[in-house]
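Participant: If you want the numbering used here, it's the position in the sequence shown, counting the first as 1, plus 15.
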Amino acid sequence: MAGKGLEGKLYISDVLDKARKAKSDTIEQAFKSYEKHGGEKAMDAFQVATVVPAMQEFYNTFRDNMKPFQKGHIPSSKKKEVKAAAVKALEAFFKRADPKKLKLVEGIKDPEERYKILCKEYNEATTQGGDSPFGGGIDKFIDSYIGKKSKNLDKMLIELYHNQSKYAQGMVHAVTSKAFHYNVGRHEGLDVAAHMKKLAKTKGYELPQEHEPNFMMLQKEAFEGLYKGLMHGKWGDKTHESYHLMKPTKDAGH
């Protein structure tokens, strides 16, 4: 998988297509397919092969095409030129991350329309549920630097650079969430909950009887986070207690 990516053949659409077509007839198969296409090992390979180089392409292309604005702030009168630079950067990003998306702007000559479409696709590819580290997407970030005398290109590039890691995390989260939906999401919520209850027990956690109704009624999407915590120790901003689970103490029962 990583080898293909390093040759430029591991794209977002391909990863998701494989996840969508994976065998998930049973709960057990569903989680195995999710692990194969959206699990930690798969996403590590995806990040190295696709996410990092695509982010670098975006940043470098945008920086190189913004050189005319190296001195002073970016005036409002130059909005078209800034958007043109952004379009080139977005095209470079999708050429590396998901070339199929470039077909959406084939034949579209209107620069503004190309900009809007590519920004929308970039926001969707790098974030989840419209959430963005730039407070509304890459287009909002770019707009925030146009016509602002207190801001200049250096500040823009520095902020963009520091936020690349957040966008990279967004790319991974978007892919893993869809892989979970395509595989585990096709099963009934109560069946998923029952499977996760068993998995939690094998990992040494208990589900108190009084909390079982709340656990069984969790949204299926919530179990993705629990799965990552149980299997890989990646709890994010949550803990096992967030899922109504308890870790037995050593002196329990004495």
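Cβ coordinates follow ideal geometry from the N, Cα and C atoms, glycine included.
(1) Going residue by residue through the region 70-137, where are the continuous alpha helix (DSSP H) segments of at least 4 residues, counting only ones entirely within it?
(2) Roughly how many whole angstroms lie between the Cα atoms of proline 174 and phenylalanine 77?
(3) Leaving out the 5 sequence neighbours to the left and right, which residues in its chain are closer than 7 Å to isoleucine 153 when beta-carbon positions are compared?
(4) Is alanine 104 closer than 8 Å to tyrosine 26 when the C-beta atoms are compared?
(5) Would you list the one or two residues that DSSP bridges to isoleucine 161?
(6) Could you say if the region 229-242 and the region 203-215 meet the contact criterion of at least three C-beta pairs nearer than 8 Å?
(7) Let me know if glutamate 72 comes out buried or exposed under the rule of 16 or more other beta-carbons within 10 Å of its beta-carbon.
(8) Take methionine 186 and list the residues in its own chain whose beta-carbon comes closer than 7 Å to its own, dropping the five residues that flank it on each side.
(9) For histidine 88, which residues of its own chain have a beta-carbon under 7 Å away from its beta-carbon, when the five flanking residues on both sides are left out?
(10) What would DSSP say about methionine 232, mapped onto helix, strand or coil?
(11) Taking only three categories from DSSP, how would you classify glutamate 203?
(12) Near lysine 218, which residues of its chain fall below 7 Å by C-beta distance, leaving aside the five closest residues on each side in sequence?
(13) Indicate whether the contact test is met: 3 or more Cβ pairs, each with one atom in the region 120-131 and one in the region 34-42, closer than 8 Å.
(14) So alanine 183 is in the alpha helix (DSSP H); what residue range does that whole segment cover?
(15) Between the Cα of alanine 99 and the Cα atoms of His202, Pro83 and Phe61, which residue gives the shortest distance?
(16) Name the DSSP bridge partner or partners of methionine 261?
(17) Measuring straight from C-alpha to C-alpha, what distance separates glutamate 227 and leucine 260?
Facilitator: Let me spell this out:
(1) 94-112
(2) The question names proline, yet the displayed sequence has glutamate at residue 174. So the two alpha carbons sit approximately 13 Å from each other.
(3) Cys134, Tyr137 and Asn138
(4) no
(5) Ile89
(6) yes
(7) buried
(8) Val66, Ala140 and Thr141
(9) Lys163, Lys164, Lys166 and Asn167
(10) coil
(11) coil
(12) Leu245
(13) no
(14) 168-198
(15) Pro83
(16) Glu221
(17) 9 Å
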